[in-house]
Amino acid sequence: MAGVAQESGRGPSPGQEGPAGLRRSLPTGRQVLQRLLSLREGSIIVVTIVAAVYFAINTSTFLTGANFKTLLPYFAPLAILGAGEVFVMILGEIDLSIGAMYMFAPIVFYKLDTAGLGLVPSVILALVVCTAVGAINGAFVSILGVSSFVTTLGMLFTFEGLSLIISHGTPVATPGAQVHQTTAQVHHIVNGHDIVLPEKINHIGTFAKIFGGGVYSELIWAVVIVILLQVVLTFTRWGLYTVAIGSNKIGAAEAGVKVRLVTIRNFVLCAVLAGLVGIFEAVRSQTIQPDPSGPNKILLLAIAAAVIGGTLLAGGSGTVVGALIGALFLGILEDGLILQGVNANYLLFYTGIAIVVAMTANVYVGRARRGHSSG
Amino acid sequence: MADAGTAPVPSAPAPASDDVLRVEHIAKRFGPVTALQDVSLHLKKGEVLGLLGDNGAGKSTLIKIISGFQKPDSGRMFLDGQPYEPKSVDDARAKGIDTVYQDLALIDELSVYHNMFLRRERVLRPVPLLNNREMKREARRALDSIGINIPRIDVAVARLSGGQRQAIAVARTVNSASDIILLDEPLAAMGVKEGAQILDLVARLKEEGNVSIIMILHNYVQVFEACDRVNMIQEGRIALDKPTSETSVEEITNIVVDEYRRAREEEHANNAHGEHEPPSAEPPQQS
Ligand SMILES: Nc1ncnc2c1ncn2[C@@H]1O[C@H](COP(=O)(O)OP(=O)(O)OP(=O)(O)O)[C@@H](O)[C@H]1O
Ligand SMILES: [Mg+2]
Chain A
13 MAGVAQESGR GPSPGQEGPA GLRRSLPTGR QVLQRLLSLR EGSIIVVTIV AAVYFAINTS
73 TFLTGANFKT LLPYFAPLAI LGAGEVFVMI LGEIDLSIGA MYMFAPIVFY KLDTAGLGLV
133 PSVILALVVC TAVGAINGAF VSILGVSSFV TTLGMLFTFE GLSLIISHGT PVATPGAQVH
193 QTTAQVHHIV NGHDIVLPEK INHIGTFAKI FGGGVYSELI WAVVIVILLQ VVLTFTRWGL
253 YTVAIGSNKI GAAEAGVKVR LVTIRNFVLC AVLAGLVGIF EAVRSQTIQP DPSGPNKILL
313 LAIAAAVIGG TLLAGGSGTV VGALIGALFL GILEDGLILQ GVNANYLLFY TGIAIVVAMT
373 ANVYVGRARR GHSSG
Chain B
10 MADAGTAPVP SAPAPASDDV LRVEHIAKRF GPVTALQDVS LHLKKGEVLG LLGDNGAGKS
70 TLIKIISGFQ KPDSGRMFLD GQPYEPKSVD DARAKGIDTV YQDLALIDEL SVYHNMFLRR
130 ERVLRPVPLL NNREMKREAR RALDSIGINI PRIDVAVARL SGGQRQAIAV ARTVNSASDI
190 ILLDEPLAAM GVKEGAQILD LVARLKEEGN VSIIMILHNY VQVFEACDRV NMIQEGRIAL
250 DKPTSETSVE EITNIVVDEY RRAREEEHAN NAHGEHEPPS AEPPQQS
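Here it is in structure tokens:
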């Protein structure tokens, strides 16, 4: 057991063991590594730490608070999207329509708000629309038996198309996200002299602060949602049934699990989270961009985050926390590469290779775990 | 094939008050396949009924209909004299019928105790989180009372042997405190000792007298050891219904062999008929 786990762990970690060079402390280091790798999220934790250490050593700015803030908007939305996707992927299904919900929800929100419904009711109704789309996804998959790939691919195009139609392809300012600037006279003491200088201060409304506009608002949402959903997955019947369906759909049904209900519920969860993230991002960027290219990219990254985090495409196994760490890994990678001054043309290329490496490490660790378990 | 006689075998017995379950004229087709043509049977309180039949005879289909997993095309069922139309497995279970399916319905990724409590989870109040500690304790007690050795109950069932898995599926159902238990080949993957343990368990349940059992078995010796009565399904009907004390392994074997001979002769006749056609094509082989 340990042999296999170590071998697969050795791949990403020579940088850690090498410079340490402490023969005596090596066994404990290995033990920690083994313990880590026996976790479902183990390999991605190791890979993420390695990536962070690498960029911390090789760039002067990676380990700064300012950089952490630039990292946030990249990884927090992915973590939330990934969390929803995990619930669908554990079922053995996939939801590609999250890209469309991400794009569609802000537009619905905008339309309803301009119709005079008010900010929060508009958000809620936009999410109700996402609920309906998720329910349709789930119904097609579990009642009509259409493959989830096909169903949600169709929904992806349909609702991205609908977004373009409704918005006429024109960007608009996100309601409630306006920034008011005021000028304040700030006193500075320079060389003992009191100097008064005017400074611009940005004010954003409470709505915007909560729904993605605040610096840490998306991070807080992401952490709360991920913890909540991990608890649901591990410690509630809903989570148990999700794993049961993904592991043995017929068996779960024979045992009395309501396969359709759970499937629909998980697709709804996934769609609602995608709509919510779409609204967050619209508020944060202050504009609603009816352009499918961004949503399509973030959709694929969210699935990558889930898979990197140890969720099997085949279903039956996965963790929400893993998706968060997967999202963190993708964020660190992109951010670190940019800080390192990697030519923009190479960015996607390196990201792709890193994803393949991380996922391969995952598969090996997964096999090691399973080999250990069946042996 | 099935058009030899349209009159159903009059196996539906006279109404008896001690029947806990009655199944009348159940039919079930899967597209072109007729799994059950016209099945009627009854189960007395405290009785162990052995259900026999060739592979593909429709035994599992009948079990799944009684368990609420599948809907019959036609026919009626009665539970304690009341019409019984299970809307779901949960519904059947709520009415006191629980099942060990032939495929065991175990979830590989879940632990032994989660499997044992699937759809009967113990949850905490007021926040409905899984009460894993209680489920572990009860699962351990249930398995120990059966006397089957499962060293660890917090491991995924994927890691268990075929016989251990079967023991867990049986324990899950026996532990459910149901009135009627349906066992679809509960001994298929078991060693001699473990099989005997399960039959002992069935005997114990029978002694307690609260449970009625329908059990599908392929081993006739076990049938005569464990069952009060046997029903045999052939061609989608009950071809034999006798107390085990009034029949024998020979009689049952002869019924099966006769049926096999008859089917072969029929096939021969069909082939002979086919030989009037150009003999270039080999007669279609069914394997
Ligand atoms: N879900 C299904 N879809 C299509 N055909 C089915 C289905 N379930 C059963 N059948 C068919 O119905 C017939 C009866 O199957 P069933 O499983 O009830 O047989 P059985 O008596 O349990 O056989 P065995 O001893 O091999 O378990 C078979 O011909 C089978 O192919
Ligand atoms: Mg069967």
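These protein sequence lines are chains A and B, in that order.
Going letter by letter, the first sequence gives residues 13 to 387 in the working numbering.
Going letter by letter, the second sequence gives residues 10 to 296 in the working numbering.
From the three backbone atoms N, C-alpha and C, an ideal C-beta is built for every residue, glycine too.
For the candidate residues Gln231/B, Phe126/B, Ser187/B and Lys68/B, whose alpha-carbon lies nearest to that of Lys202/B?
Numbered from its first residue, the second sequence carries residue 202/B at position 193. The residue with the shortest Cα to Cα distance from Lys202/B is Gln231/B.
Which residues neighbour ligand 2 when neighbourhood means a C-beta less than 6 Å away from any of its non-hydrogen atoms? List them by chain order.
Lys68/B, Ser69/B, Gln111/B and Asp193/B
So, do the stretch 173-184 of chain B and the stretch 137-152 of chain B have three or more beta carbon pairs nearer to each other than 8 Å?
yes
Whether Val289/A touches Thr186/A by CB criterion (8 Å):
The residue you call residue 289/A lines up with position 277 of the first sequence. The residue you call residue 186/A lines up with position 174 of the first sequence. Taking 8 Å as the Cβ cut-off, Val289/A and Thr186/A do not qualify as a contacting pair.
Tell me the DSSP secondary structure of Phe87/B in three-state form.
Taking the second sequence and counting its residues from 1, one reaches residue 87/B at position 78. Note: Phe87/B maps to strand in three-state DSSP.
Hey, is Ala44/B close to ligand 1, as in C-beta under 7 Å from one of its heavy atoms?
In the second sequence, counting from the first residue as 1, residue 44/B sits at position 35. Because some heavy atom of ligand 1 lies under 7 Å away, the Cβ of Ala44/B counts as near it: yes.
Please classify Ile162/B: does DSSP put it in a helix, a strand, or coil?
As a first step, residue 162/B is located in the second sequence; it is residue number 153 there, counting from the start. Here Ile162/B sits in coil by DSSP.
I want to verify the contact list: residues of chain B whose CB lies under 7 Å from the CB of Glu266/A, in sequence order.
Translated into the one-based positions of the first sequence, residue 266/A becomes position 254. Within chain B, the residues near Glu266/A are Phe78, Val98, Tyr110 and Ala114.
Assigned secondary structure, Thr186/A (DSSP; H/G/I helix, E/B strand, else coil):
Counting from one through the first sequence, the residue named residue 186/A turns up at place 174. Residue state, collapsed to three classes: coil.
According to DSSP, is Gly328/A part of a helix, a strand, or is it coil?
Your numbering for residue 328/A matches position 316 in the first sequence. DSSP places Gly328/A in coil when its eight states are reduced to three.
Can you give me the start and stop residues for the beta strand (DSSP E) that Gly62/B sits inside?
Stepping through the second sequence from its first residue, residue 62/B is reached at position 53. From DSSP, the beta strand (DSSP E) with Gly62/B extends over Val57 to Gly62.
Residue(s) in a DSSP beta bridge with Asp36/B
Position 27 of the second sequence, counted from the first residue, corresponds to residue 36/B. Asp is not the amino acid found at residue 36/B; the sequence shown has Ala there. BP columns for Ala36/B point to Ser83/B.
Note down the Cα distance separating Ile184/A from Val332/A, rounded to an integer number of angstroms.
Taking the first sequence and counting its residues from 1, the one referred to as residue 184/A is at position 172. Taking the first sequence and counting its residues from 1, the one referred to as residue 332/A is at position 320. Here the sequence assigns Val to residue 184/A, which means Ile is not the residue at that position. Near 34 Å, if we compare the C-alpha coordinates of Val332/A and Val184/A.
Span separating the alpha-carbon of Leu133/B from that of Asn140/B:
For the purposes of this step, residue 133/B is taken as residue 124 along the second sequence, with counting starting at 1. For the purposes of this step, residue 140/B is taken as residue 131 along the second sequence, with counting starting at 1. C-alpha separation (whole angstroms): 6 Å.
Partner residues on chain A for Leu119/B, Cβ-Cβ distance less than 8 Å
Within the second sequence, residue 119/B is the residue found at index 110, counting from 1. Per Cβ cutoff of 8 Å: Leu252, Val255, Ala256 and Ser259.
Would you call the stretch 159-168 of chain B and the stretch 196-212 of chain B in contact, with 3 or more CB pairs under 8 Å?
no
Is it right to say Ser305/A is buried, meaning 16 or more other beta carbons lie within 10 angstroms of its own, or is it exposed?
As a first step, residue 305/A is located in the first sequence; it is residue number 293 there, counting from the start. Counting Cβ neighbours within 10 Å, Ser305/A comes out exposed, since fewer than 16 surround it.
Please go through the same chain and pick out, in chain order, the residues whose beta-carbon is closer than 8 Å to the beta-carbon of Leu322/B, but skip the five residues on each side of it.
Chain B is shown only over 10 to 296; residue 322/B falls outside these bounds and no answer can be derived.
As a quick exercise: from Ile177/A, Ile106/A, Thr195/A and Thr194/A, pick the residue whose alpha carbon is nearest that of Phe152/A.
Position 140 of the first sequence, counted from the start, is the residue given in the question as residue 152/A. For the residues Ile177/A, Ile106/A, Thr195/A and Thr194/A, the minimum Cα distance to Phe152/A belongs to Ile106/A.
Does the beta carbon of Val100/A sit closer than 8 Å to a beta carbon anywhere in chain B?
Along the first sequence, one-based indexing puts residue 100/A at 88. By this cut-off, Val100/A is not an interface position.
Is the closest heavy atom of ligand 1 to the C-beta of Ala178/B under 7 Å?
Residue 178/B sits at position 169 when you count from the first residue of the second sequence. Incorrect: Ala178/B has no Cβ contact closer than 7 Å to ligand 1.
Would you identify the three-state DSSP class for Ile300/A, choosing helix, strand or coil?
Residue mapping note: residue 300/A aligns to position 288 of the first sequence, counting from 1. Strand.
Taking Lys270/A as part of the alpha helix (DSSP H), name the residues at either end of that continuous run.
Locating residue 270/A in the first sequence gives position 258, where the first residue counts as 1. Per DSSP, Lys270/A belongs to no alpha helix (DSSP H) and is neither H nor E.
Hey, does His123/B have any beta-carbon neighbour from chain A nearer than 8 Å?
As a working note, residue 123/B is residue 114 in the second sequence. By this cut-off, His123/B is an interface position.
Counterpart residues of Thr195/A in DSSP-defined beta bridges:
Counting from one through the first sequence, the residue named residue 195/A turns up at place 183. Thr195/A is bridged to Lys212/A.
Could you check the C-alpha separation between Ile262/A and Phe74/A for me, to the nearest Å?
Within the first sequence, the letter at position 250 stands for residue 262/A. Within the first sequence, the letter at position 62 stands for residue 74/A. Spanning the two alpha carbons is a distance of roughly 49 Å.
Going straight from the alpha carbon of Val202/A to that of Leu245/A, what length do you get?
As a working mapping, residue 202/A is identified with position 190 in the first sequence. As a working mapping, residue 245/A is identified with position 233 in the first sequence. Roughly 57 Å between the two C-alpha positions.
Hey, is Phe78/B close to ligand 1, as in C-beta under 7 Å from one of its heavy atoms?
Within the second sequence, residue 78/B is the residue found at index 69, counting from 1. Checking every heavy atom of ligand 1 against the Cβ of Phe78/B, none is found closer than 7 Å.
Starting from the C-beta of Leu281/A, find all residues in its chain whose C-beta is less than 6 Å away, skip the five residues before and the five after it, and write them out in chain order.
What you label residue 281/A is simply residue 269 of the first sequence in a count that begins at 1. Result list for Leu281/A: Gly96 and Phe99, in chain order.
Return the residues of the stretch 348-359 of chain A that lie within a Cβ-Cβ distance of less than 7 Å from chain B, sorted by chain order.
none
Residues of chain B with a CB under 7 Å from the CB of Thr248/A: which are they?
In the first sequence, residue 248/A corresponds to position 236, counting from 1. Going along chain B in sequence order, the residues near Thr248/A (Cβ under 7 Å) are Pro137, Leu138 and Leu139.
Secondary structure of Val369/A, DSSP reduced to three states
For the purposes of this step, residue 369/A is taken as the residue at position 357 of the first sequence. Note: Val369/A maps to helix in three-state DSSP.
Identify which residue in Arg168/B, Cys236/B and Gly105/B has its Cα closest to the Cα of Gly59/B.
Walking along the second sequence from the start, residue 59/B turns up at place 50. Minimum Cα distance to Gly59/B is reached at Cys236/B.
Can you tell me whether Leu312/A is buried or exposed, with buried defined as 16 or more other CB within 10 angstroms of its CB?
Along the first sequence, read from residue 1 onward, the residue named residue 312/A stands at position 300. Exposed, because fewer than 16 other Cβ atoms sit within 10 Å of the Cβ of Leu312/A.
Expected contact under 8 Å - CB spacing of Ile102/A and Thr323/A to nearest Å:
In the first sequence, residue 102/A corresponds to position 90, counting from 1. In the first sequence, residue 323/A corresponds to position 311, counting from 1. So it is a contact: roughly 7 Å between Cβ atoms.
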